[in-house]
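If you're matching positions, the sequence shown starts at 2 in the working numbering and goes up one per residue.
No residue lacks a Cβ here, since even glycine has one placed at the ideal position from N, Cα and C.
None of these values were measured; they are calculated from a predicted model.
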Amino acid sequence: MSNVHGSRSRENFALYLVAGVPLTLFVMCLLLRRQRKEAQRRFFAWVYSKYYAEHNAAILAPLKRELFADMSQIVSADPVLRERGAIRIVEIGVGTGTNLAYYPPGSKVISVEPNPYFENIFRENRCAFPNVEIERFVLGKAEDMSSIPSDSVDCVVSTLVLCSVEHMGFAIREVKRILVRGGSFYYVEHIGYKEGSWSHRLQQLVQPLWSLLSDGCQLTRDVPSYVEFIGFREMFEKVYYPPEMPFVVRPTLVGKAIK
Numbered sequence: 002m003s004n005v006h007g008s009r010s011r012e013n014f015a016l017y018l019v020a021g022v023p024l025t026l027f028v029m030c031l032l033l034r035r036q037r038k039e040a041q042r043r044f045f046a047w048v049y050s051k052y053y054a055e056h057n058a059a060i061l062a063p064l065k066r067e068l069f070a071d072m073s074q075i076v077s078a079d080p081v082l083r084e085r086g087a088i089r090i091v092e093i094g095v096g097t098g099t100n101l102a103y104y105p106p107g108s109k110v111i112s113v114e115p116n117p118y119f120e121n122i123f124r125e126n127r128c129a130f131p132n133v134e135i136e137r138f139v140l141g142k143a144e145d146m147s148s149i150p151s152d153s154v155d156c157v158v159s160t161l162v163l164c165s166v167e168h169m170g171f172a173i174r175e176v177k178r179i180l181v182r183g184g185s186f187y188y189v190e191h192i193g194y195k196e197g198s199w200s201h202r203l204q205q206l207v208q209p210l211w212s213l214l215s216d217g218c219q220l221t222r223d224v225p226s227y228v229e230f231i232g233f234r235e236m237f238e239k240v241y242y243p244p245e246m247p248f249v250v251r252p253t254l255v256g257k258a259i260k
């Protein structure tokens with residue numbers, strides 16, 4: 002009898018080794034990966050808001066002023082907003098809210114932000130911009146803005162965001178979906194140097210560490226090709242190289258696409 006029990010114990014132990022240990026390790030890896038991702042998000046929100054937000058805002062201010070200048074001329078597709086001379090804006094990856102300073106007075110803004118650790122920072126900073134009304138804050142990804150109806154917003158804004166979305170094509174397709182016909186997509190994004198150049202190879206070399214420290218930011222994304230592929234009616238783009246920006250993120254694409 003003892004031999005039978007011993008045999009069963011050995012069988013159970015062998016079964017645990019074959020199935021239980023790998024399953025346990027798999028679950029542990031998932032939990033650790035989730036914890037690591039949350040730690041990355043928290044770290045990035047803290048570092049960016051404390052050390053980089055104002056710096057980047059100052060460097061990009063001239064480019065943004067020029068890009069957003071014609072926003073005040075937009076006539077809203079919403080009759081109520083049109084009567085008030087206001088427009089509806091969706092900003093994806095709103096972060097700390099520095100772009101609010103450029104929006105026309107009375108604008109209604111829907112803020113979309115995937116990083117939950119930016120929300121409190123944004124809510125604190127929004128008080129400094131009484132020129133706009135925050136219609137709502139959406140905690141979610143640009144790839145899925147299903148809470149925003151199709152053909153419902155006058156313009157969409159993205160600055161230094163498309164580098165870190167998981168699926169850029171899906172995100173830009175969503176941008177096009179929510180825009181009214183004739184609506185504008187404004188974007189300021191860092192992009193890769195010319196493929197094959199030593200600068201591009203340097204970006205590829207530092208990519209793993211950069212992504213780890215910057216919440217998944219990709220250095221060499223081809224934003225123009227994606228915007229063109231999604232199929233906007235018109236596109237206006239120009240690349241700048243602000244000397245104050247770190248070398249690996251210096252190529253800066255400034256663009257506007259019209260649905």
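Item to check | Cβ pair count under 8 Å reaching 3, the segment 164-172 against the segment 139-147 | outcome: yes
Checklist entry - Mapping DSSP to helix, strand and coil, what is Tyr-17? => result If you number the sequence shown from 1, residue 17 lands on position 16. Residue placement at Tyr-17 cannot be trusted, given a pLDDT of 42 that sits under 50; the coordinates are not used to answer.
Next on the checklist: So, with DSSP's three-state summary, where would you put Leu-180?
Outcome noted: The count along the sequence shown starts at 1 and reaches residue 180 at position 179. Residue state, collapsed to three classes: strand.
Item to check | Coil, strand or helix - Leu-161 by DSSP | outcome: Translated into positions along the sequence shown, residue 161 becomes position 160. Looking at Leu-161 - three-state DSSP - the assignment turns out to be coil, as it is neither helix nor strand.
Checklist entry - So, helix, strand or coil for His-168, using DSSP? => result Translated into positions along the sequence shown, residue 168 becomes position 167. Residue state, collapsed to three classes: coil.
Next on the checklist: Using a Cβ-Cβ cutoff of less than 7 Å, which residues in the same chain neighbour Ile-173 once the five nearest sequence positions on both sides are dropped?
Outcome noted: In the sequence shown, the residue the question calls residue 173 occupies position 172. Counting only Cβ-Cβ distances below 7 Å, and skipping sequence neighbours, we find Tyr-227, Val-228 and Ile-231.
Item to check | Cβ distance (whole Å) where Val-154 is taken to contact Val-181 below 8 Å | outcome: By one-based count along the sequence shown, residue 154 stands at place 153. By one-based count along the sequence shown, residue 181 stands at place 180. So it is a contact: roughly 7 Å between Cβ atoms.
Next on the checklist: With a threshold of 6 Å (Cβ to nearest heavy atom), would Val-181 be considered close to the ligand ZN?
Outcome noted: What this structure holds is no ligand at all, so the ligand ZN is not there to describe.
Checklist entry - Which residues bound the beta strand (DSSP E) around Val-207? => result In the sequence shown, the residue the question calls residue 207 occupies position 206. Note, Val-207: premise wrong, no beta strand (DSSP E); alpha helix (DSSP H) at 199-214.
Checklist entry - With a CB to CB cut of under 7 Å and the five nearest residues on each side skipped, what residues in its chain are close to Phe-69? => result Residue mapping note: residue 69 aligns to position 68 of the sequence shown, counting from 1. Same-chain partners within the cutoff: Tyr-103 and Tyr-187.
Item to check | Reduced DSSP secondary structure (H/G/I, E/B, other) of Arg-85 | outcome: Taking the first residue of the sequence shown as position 1, residue 85 is located at position 84. Looking at Arg-85 - three-state DSSP - the assignment turns out to be helix.
Checklist entry - Three or more beta-carbon pairs under 8 Å between the segment 238-254 and the segment 71-84, yes or no? => result no
Checklist entry - Is it buried or exposed for Phe-237, if we count other Cβ within 10 angstroms and need 16 for buried? => result Along the sequence shown, one-based indexing puts residue 237 at 236. When all chains shown are included, Phe-237 counts as exposed.
Checklist entry - Are the segment 84-100 and the segment 110-122 in contact at 8 Å, needing three or more beta carbon pairs? => result yes
Checklist entry - Any idea if His-191 is buried or exposed, counting beta-carbon neighbours within 10 angstroms, 16 or more meaning buried? => result Indexing the sequence shown from 1 puts residue 191 at position 190. With 16 or more Cβ atoms within 10 Å of its Cβ, His-191 is classed as buried.
Checklist entry - What is the C-beta distance between Trp-211 and Leu-220, in whole angstroms, given that I count them as a contact (C-beta under 8 Å)? => result Position 210 of the sequence shown, counted from the start, is the residue given in the question as residue 211. Position 219 of the sequence shown, counted from the start, is the residue given in the question as residue 220. With 8 Å as the limit, Trp-211 and Leu-220 qualify as a contact, their Cβ atoms being about 6 Å apart.
Item to check | Alpha-carbon to alpha-carbon, Val-207 and Val-213 | outcome: Working through the sequence shown from its first residue, we reach residue 213 at position 212. Working through the sequence shown from its first residue, we reach residue 207 at position 206. Residue 213 is actually Leu in this sequence, not Val. Taking the straight line from one Cα to the other gives about 10 Å.
Item to check | Beta-bridge pairing of Ile-90 - partner residues as DSSP gives them | outcome: Counting from 1 along the sequence shown, the entry for residue 90 is found at position 89. In the DSSP output, where bridge partners are listed per residue, Ile-90 has Val-110 and Cys-156.
Checklist entry - Roughly how many angstroms separate the alpha carbons of Trp-199 and Ala-46, rounded to a whole number? => result Locating residue 199 in the sequence shown gives position 198, where the first residue counts as 1. Locating residue 46 in the sequence shown gives position 45, where the first residue counts as 1. The alpha-carbon atoms of Trp-199 and Ala-46 are separated by roughly 31 Å.
Checklist entry - From which residue to which residue does the beta strand (DSSP E) around Lys-65 run? => result Working through the sequence shown from its first residue, we reach residue 65 at position 64. Lys-65 -> not in any beta strand (DSSP E); alpha helix (DSSP H) instead, spanning 54-69.
Checklist entry - Helix or strand or just coil, what does DSSP make of Leu-26? => result Here residue 26 refers to the residue found at position 25 when the sequence shown is read from its first residue. Because Leu-26 carries a pLDDT of 38, less than 50, the predicted location of this residue cannot be relied on, and the following value inherits that uncertainty. In the structure shown, Leu-26 sits in a helix (DSSP, three-state: H, G or I).
Next on the checklist: Residues in the same chain with beta-carbon distance under 7 Å from Met-29, minus the five sequence neighbours each way, listed in chain order, please.
Outcome noted: The residue given as residue 29 occupies position 28 in the sequence shown. Any reading at Met-29 needs caution, since the residue's pLDDT is 40, under 50, leaving its predicted position unreliable; the model's value is listed next. For Met-29, where only same-chain residues beyond five positions count, there are no Cβ hits under 7 Å.
Checklist entry - Taking the C-alpha atoms as reference points, what is the distance between Glu-55 and Pro-150? => result Here residue 55 is taken as the residue at index 54 of the sequence shown, counted from 1. Here residue 150 is taken as the residue at index 149 of the sequence shown, counted from 1. Rounded to the nearest angstrom, the two C-alpha atoms are 33 Å apart.
Checklist entry - At which residues does the beta strand (DSSP E) containing Glu-238 begin and terminate? => result For the purposes of this step, residue 238 is identified with residue 237 of the sequence shown, where counting begins at 1. Element bounds for Glu-238: 235-241.
Checklist entry - Tyr-242 to Lys-177, Cα distance in whole Å? => result Walking along the sequence shown from the start, residue 242 turns up at place 241. Walking along the sequence shown from the start, residue 177 turns up at place 176. Answer to the nearest angstrom: the Cα atoms are 28 Å apart.
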